[in-house]
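Residue numbers (the working numbering): 48 to 149.
Glycine included, every Cβ here is placed at the ideal spot set by N, Cα and C.
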């Protein structure tokens, strides 16, 4: 009878040890899952930054494309001033011609 009780006690002890090991493994897996979730959140955050950088890059490309147009306008502006001066001179020339006729 005592022998049976000892055997049952040993079985209970083995079961408790197995349960204890299972709990430790479960906790380890839980920690791993939490750690994985952190990486997942970090990746999501990184993706947001990546999208923002892509948008910034597009703006940068647009500005690079606009710069030559700006340079061309700066180059055209003196020509515009020269044309205005020519028109002004033409008016004086016309006035002189008109005066000369009189």
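Inter-residue Cα distance where the pair is residue i and residue j
i: residue 80; j: residue 59; result: 31 Å
i: residue 100; j: residue 112; result: 18 Å
i: residue 66; j: residue 97; result: 46 Å
i: residue 114; j: residue 133; result: 29 Å
i: residue 52; j: residue 83; result: 46 Å
i: residue 146; j: residue 117; result: 44 Å
i: residue 108; j: residue 94; result: 21 Å
For residue i, three-class secondary structure by DSSP
i: residue 48; result: coil
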